[in-house]
Amino acid sequence: MPKSDTKNSNNMNKENKTTPTKKIEELQTHKERKTVLMQGNEAVAYGALDAGCNFFAGYPITPSTEIAEILAAELPKRGGVFVQMEDELGSICAVIGASLAGAKALTATSGPGFSLMQEGIGFARSTETPCVVVDVQRVGPSTGMPTSCAQGDIQQSRWGTHGDSPAIVLYPDSVKESYELTIRAINLSEKYRTCVILLLDEVLGHMREAVRLPDMANVRVISRIKPTVPPQWYKHYENTEKYPSPMYSFGEGYRFHVTGLTHDVLGFPTNKPNEAAEMMSKLKKKITYNIRDLVQIESFQMEDAKIAVFAAGITARSAKAAVTLARKEGIPAGLLRPLTIWPFPDDAVRKMLRNVDTVIVPELNQGQLIREIERLVKDRSDSKLIKIQRVDSKLIPPQDILQKIKEGI
Amino acid sequence: MPTIPQKIIHEYLRHDKKFPHVWCAGCSNGIVLGSIIRAIAGMNLDRNDIVMVSGIGCSSRMPVYVDFNTLHTLHGRAIAFATGIKLHKPHLKVIVVTGDGDCAAIGGNHLIHAARRNIDLSVIMLNNNIYGMTGGQVSPTTPHKAYATTAPYGNIEPDFDVCKLAIGAGATYVARTTAFHTQETQNMVKEAIEHPGFALIEVICACPVIYGRLNKKGGAPEMMKEMRDNSIPLAAVDKLPPEKVQGKIIRGVLHKDIRPEYCALYADLVKKAQALGGSE
Chain A
0 MPKSDTKNSN NMNKENKTTP TKKIEELQTH KERKTVLMQG NEAVAYGALD AGCNFFAGYP
60 ITPSTEIAEI LAAELPKRGG VFVQMEDELG SICAVIGASL AGAKALTATS GPGFSLMQEG
120 IGFARSTETP CVVVDVQRVG PSTGMPTSCA QGDIQQSRWG THGDSPAIVL YPDSVKESYE
180 LTIRAINLSE KYRTCVILLL DEVLGHMREA VRLPDMANVR VISRIKPTVP PQWYKHYENT
240 EKYPSPMYSF GEGYRFHVTG LTHDVLGFPT NKPNEAAEMM SKLKKKITYN IRDLVQIESF
300 QMEDAKIAVF AAGITARSAK AAVTLARKEG IPAGLLRPLT IWPFPDDAVR KMLRNVDTVI
360 VPELNQGQLI REIERLVKDR SDSKLIKIQR VDSKLIPPQD ILQKIKEGI
Chain B
0 MPTIPQKIIH EYLRHDKKFP HVWCAGCSNG IVLGSIIRAI AGMNLDRNDI VMVSGIGCSS
60 RMPVYVDFNT LHTLHGRAIA FATGIKLHKP HLKVIVVTGD GDCAAIGGNH LIHAARRNID
120 LSVIMLNNNI YGMTGGQVSP TTPHKAYATT APYGNIEPDF DVCKLAIGAG ATYVARTTAF
180 HTQETQNMVK EAIEHPGFAL IEVICACPVI YGRLNKKGGA PEMMKEMRDN SIPLAAVDKL
240 PPEKVQGKII RGVLHKDIRP EYCALYADLV KKAQALGGSE
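The structure is reproduced here in structure tokens:
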């Protein structure tokens, strides 16, 4: 039973245990949503439903399975499809197939499954097919520690698939934000016609927080734009300048071809260097021209900060606590937290580097986020970088970050 | 069945876009494509409702040439992509074109699970007993003792009976024919599309340029003759002495039954979930 519900839901008192299904019924039936206690994984599932997700194909894997379980119960009620596939290879492919047929499709997995999905992710990026992959990160490499936390997939989410392709990867730090960024991930996938990845930390996936989800009327949902041209003029990959071209789905009278091979504007395979260059530039442009729309960043106490912590996901929670403690002691510390980690928020980091002397990068890996800061700090010899890296499955406590803040100032 | 003139084939091809095709002279893939088109043309289907999905390999290049909704996917994954399409839009006729390596090696898991689900897909597996596109490596259907570039001393592995596998996994329509038997292929494609469930057709194909050369099978005409002479219809099997059946390709509808189809079962599940109440 969600704690905050007890006082005014008499009918709910009969139930000692609140199943996810029960909870979402409540979320849906009350026009004004109440504050409830929920997991990050639950928040992802509700976010997907609110964003109009109507297709899920997945394969059980800890620590992401709750997402599949909730959608298995909820999607059929809305006429959507839930299918448990034979593996993660099949899951991502079914998701892409459904999206080509017009669905808003999503899958959720963790490390080993995320590795298996990489080829499909590349296919979705190449063929500009909207879809969302949720990766609830666990300790790796390999099978690692399935129920423990790590941030080891930060670079994989960018470079995991072969070939050169741009990525959009979002990274929440709270249960509420998991809900919000799931909606945003689906919206961005539809808007930019690509595979958007949502990275979650194991702790966040399983952690419960009190959240009040917005009323449905306040949820902004974006769907792919359909072209207005007659079928004979339709180009599935028309070279539009700023945004990806509008797209039709299979079965709508526009008989187009989709291939993972390098293709021309009609979708047909090509070996011509000029057409290959055009395709690659189109994939890149839709990201680089829209950095301001894609990048979201939280600045906390950064206005007068002399020392900054740069952290994402669950580690940013510790960092925020550390910054608050430092401020209490009069230390001018701040936190910069990317909600979009790819494309990397270069401009925001450059601005930060102009104003602070020292940057601390805590992360649950052996140096993935810090690579990007190092890349940007190269031309600033006066900036000091301090790393805090932990890979023993435990989180970085605020005290450790506070200590580095004190050392660094 | 009356012969449909060649211009029908032309009508279904993206003739102004993607020809010449990639297939070698003597390859069976074009013959099978002809049978598929004739079958579809004879069924009065709206081609907007047809999706042709393929994986990777010579035969998987087929969709690009035909004027349907076409999807050329990843190696082995055609059936998984097709599952997503079919589940989201069950009214579409989803045809999967795949090869022996694509379907039975890297894609074997998707094949058996789609068969188990009995989802209404028509899978046409063009079996040329070798990986042609990559230059002649051994495949799961390369016969025992046959040669391939990765089996230079002869294949020590037994070959796969994909039809038996599909039947065992729960496919409700399983048939085998050869590229030589074009009318039979055409009839089977029609039956497979009409069949309400998972259908697999294995079409034995000739790859004279690679498999034929490595195994001294002669050219395309000799390989076509072998398909004719070395195959027997299922109906004749019982009438022949066992030694005459040994080593022959058995052609015909090997298995057919009716079992609830997956999309129909899912539609029932949706009704059940909605009747139980909840959202909306």
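Taken in order, these protein sequences are the chains called A and B.
If you read the first sequence in numbering that gives the first Met the number 0, its first letter stands for residue 0, the second for the next number, and so on.
If you read the second sequence in numbering that gives the first Met the number 0, its first letter stands for residue 0, the second for the next number, and so on.
Just so you know, even glycine gets a beta-carbon here, dropped at the ideal spot from N, CA and C.
Whole-angstrom Cβ separation of histidine 71 of chain B and isoleucine 105 of chain B, contact assumed at under 8 Å? In fact, because the Cβ distance is near 15 Å, the residues do not count as touching under 8 Å.
I want to verify the contact list: residues of chain A whose CB lies under 8 Å from the CB of aspartate 48 of chain B, in sequence order. Near aspartate 48 of chain B (Cβ distances below 8 Å), the residues of chain A are Gly250.
Could you tell me whether the Cβ atoms of threonine 140 of chain B and aspartate 99 of chain B are closer together than 7 Å? In this structure, aspartate 99 of chain B lies closer than 7 Å to threonine 140 of chain B by Cβ.
Residue of B:Lys163, B:Ile192, B:Glu225, B:Lys271 minimising C-alpha distance to cysteine 204 of chain B: Its Cα nearest to that of cysteine 204 of chain B, the residue B:Glu225 stands out among B:Lys163, B:Ile192, B:Glu225, B:Lys271.
With C-beta atoms as the reference, is isoleucine 153 of chain A less than 7 Å away from glycine 119 of chain A? Between isoleucine 153 of chain A and glycine 119 of chain A, the gap from beta carbon to beta carbon reaches 7 Å or more.
Which word fits glutamate 260 of chain B, buried or exposed, when buried means at least 16 other C-beta atoms lie within 10 angstroms of its C-beta? When all chains shown are included, glutamate 260 of chain B counts as buried.
Is the segment 161-173 of chain A close to the segment 328-345 of chain A, with three or more CB pairs under 8 Å? Taking 8 Å as the limit for Cβ pairs, the verdict is that the segment 328-345 of chain A does touch the segment 161-173 of chain A.
Tell me the rounded alpha-carbon separation between threonine 64 of chain A and glycine 89 of chain A. Per the coordinates, the alpha-carbon of threonine 64 of chain A lies some 16 Å from the alpha-carbon of glycine 89 of chain A.
Can you tell me where the alpha helix (DSSP H) with valine 188 of chain B in it begins and where it stops? Counted as a single uninterrupted DSSP element, the alpha helix (DSSP H) harbouring valine 188 of chain B occupies residues 181-193.
Around the C-beta of asparagine 229 of chain B, are 16 or more other C-beta atoms found within 10 angstroms, so that it is buried, or is it exposed? For asparagine 229 of chain B, the number of other beta carbons within 10 angstroms of its own is below 16, and it is reported as exposed.
Considering only the alpha carbon of each residue, which of B:Gly41, B:Gly25, B:Asp48, B:Ser58 lies closest to isoleucine 7 of chain B? That would be B:Gly41, whose Cα lies nearest to the Cα of isoleucine 7 of chain B.
For alanine 307 of chain A versus valine 360 of chain A, is the C-beta distance shorter than 7 Å? No, the Cβ-Cβ distance between alanine 307 of chain A and valine 360 of chain A is not below 7 Å.
Which residues, taken in chain order from the segment 51-65 of chain B, show a beta carbon closer than 8 Å to some beta carbon of chain A? Taking 8 Å as the Cβ-Cβ cut-off against chain A, the residues of the segment 51-65 of chain B that qualify are Val52, Pro62, Val63.
Tell me which same chain residues have a C-beta within less than 7 Å of the C-beta of methionine 377 of chain A, skipping the five on either side of it? A quick correction: the sequence has lysine, not methionine, at residue 377 of chain A. If we look at lysine 377 of chain A and ignore the five residues flanking it on each side, it has no Cβ neighbours.
Quick one: which chain B residues come within Cβ less than 8 Å of methionine 84 of chain A? By Cβ distance, chain B contributes Ala79, Thr82, His112.
Check whether the segment 206-222 of chain A touches the segment 246-260 of chain A, taking contact to mean three or more Cβ pairs, one atom from each stretch, closer than 8 Å. Short answer: they don't touch.
Coarse secondary structure for threonine 314 of chain A, derived from DSSP in three states: Secondary structure of threonine 314 of chain A (DSSP, three-state): helix.
Can you grab the Cα-Cα spacing for the pair leucine 48 of chain A / glutamate 73 of chain A, in whole Å? Separation of leucine 48 of chain A and glutamate 73 of chain A (C-alpha to C-alpha, rounded to the nearest whole angstrom) is 8 Å.
Put valine 174 of chain A into one of helix, strand or coil per three-state DSSP. Correct three-state label for valine 174 of chain A: helix.
Verify the contact flag: glycine 112 of chain A, CB atom, against every heavy atom of the ligand GTP, threshold strictly below 6 Å. With respect to the ligand GTP, the structure shown offers nothing to examine, as it has no ligands at all.
Please list, in chain order, the residues of the segment 83-109 of chain B that have any C-beta partner in chain A closer than 7 Å. Residues passing the 7 Å Cβ filter: Gly83, Ile84, Leu86, His87, Lys88, Leu91, Asn108, His109.
Close-in-space but distant-in-sequence residues of the same chain around alanine 165 of chain B (CB under 6 Å, 5 per side omitted): Apart from the 5 residues on each side of it in sequence, alanine 165 of chain B sits with its Cβ closer than 6 Å to the Cβ of Ala114, Val173, Leu199 in its chain, given in chain order.
Should the segment 86-95 of chain B be called in touch with the segment 268-277 of chain A, which here means at least 3 C-beta pairs below 8 Å? Too few Cβ pairs lie closer than 8 Å, so no.
Between A:Val135, A:Cys148, A:Gln150, A:Ala102, which lies nearest to threonine 128 of chain A when the distance is taken from Cα to Cα? If we check each option's Cα against that of threonine 128 of chain A, A:Ala102 comes out closest.
With burial defined as no fewer than 16 other Cβ atoms inside 10 Å of the residue's Cβ, what is the status of aspartate 381 of chain A: buried or exposed? Only exposed fits aspartate 381 of chain A, as fewer than 16 other CB atoms lie within 10 angstroms of its CB.
Suppose you measure from the CA of glutamate 10 of chain B to the CA of methionine 187 of chain B; what does that come to, to the nearest Å? Between glutamate 10 of chain B and methionine 187 of chain B, the C-alpha separation is close to 22 Å.
Compare the C-alpha of cysteine 26 of chain B against each of B:Asn43, B:Ile39, B:Lys17, B:Ser58 and name the closest. Considering only alpha carbons, the answer is B:Ser58.
Would you please state the rounded distance, in angstroms, between the beta carbons of glutamine 136 of chain B and alanine 145 of chain B? I believe it to be under 8 Å. 12 Å between Cβ atoms; not a contact.
Which residue from A:Phe54, A:Glu179, A:Lys76 puts its Cα closest to that of lysine 271 of chain B? Nearest C-alpha to lysine 271 of chain B among A:Phe54, A:Glu179, A:Lys76: A:Lys76.
Residues that DSSP places opposite asparagine 53 of chain A in a beta bridge: In the DSSP assignment, no residue is bridged to asparagine 53 of chain A.
Please list, in chain order, the chain A residues whose beta carbon lies closer than 7 Å to that of lysine 17 of chain B. By Cβ distance, chain A contributes Phe267.
Can you tell me whether threonine 82 of chain B is buried or exposed, with buried defined as 16 or more other CB within 10 angstroms of its CB? Threonine 82 of chain B is buried by the Cβ-count criterion.
Near-chain B residues of the segment 253-265 of chain A (beta-carbon distance less than 9 Å), N- to C-terminal order: Look at the segment 253-265 of chain A: the residues with a C-beta under 9 Å from a C-beta of chain B are Tyr253, Arg254, Phe255, His256, Val257, Thr258, Gly259, Leu260, Leu265.
Between the beta-carbon of proline 331 of chain A and the beta-carbon of alanine 310 of chain A, is there less than 7 Å? No, the Cβ-Cβ distance between proline 331 of chain A and alanine 310 of chain A is not below 7 Å.
Closer than 7 Å at the beta carbon, the chain A residues around valine 269 of chain B: Within 7 Å Cβ-Cβ: Pro75, Gly78.
Suppose contacts are defined by Cβ-Cβ distances below 7 Å. Is serine 109 of chain A in contact with isoleucine 185 of chain A by that definition? The beta carbons of serine 109 of chain A and isoleucine 185 of chain A sit no closer together than 7 Å.
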